[in-house]
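In our numbering, the protein residues as written are -8 to 79. Beta carbons are placed, not taken as given, at the ideal position from N, Cα and C, and that holds for glycine. Worksheet: the structure to be examined is printed underneath.
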Amino acid sequence: MAEPTSPPPAGTPDPHQLKGALKSFKKKLKLSRLDKESRIIAGPLSKGSQSGIVAVTPPSQFPPEIWQELARQGKLKDEGGGTYSLVE
């Protein structure tokens, strides 16, 4: 028989919420970079350019506590001003 898992401490976000939030954050960061790169005007013979976006404001459908917990866990870095970046 499997041992019952204890519920997370009060005030700690649900692990499923954290996983979903991190996935949403990565998607927003990726789309922000792609959007910026698609706007860069370059000639047909140029090598193109990278966007340089490393931090974004996290998706608003998750509360700030989620982003703070992900930063505390070392998965995101709080860049200040309400923006976060991925920890590589």
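Item, Value
"I need the boundaries of the beta strand (DSSP E) containing Asp69, first residue and last residue.", "67 to 71"
"Should Leu25 be labelled buried (16 or more other beta-carbon atoms within 10 Å of its own) or exposed?", "exposed"
"With DSSP as the reference, label Ser23 as helix, strand or coil.", "helix"
"With H, G and I counted as helix, E and B as strand and the rest as coil, what does DSSP make of Ser29?", "helix"
"Measure the C-alpha to C-alpha separation of Ser76 and Asp69 and round it to an integer number of angstroms.", "7 Å"
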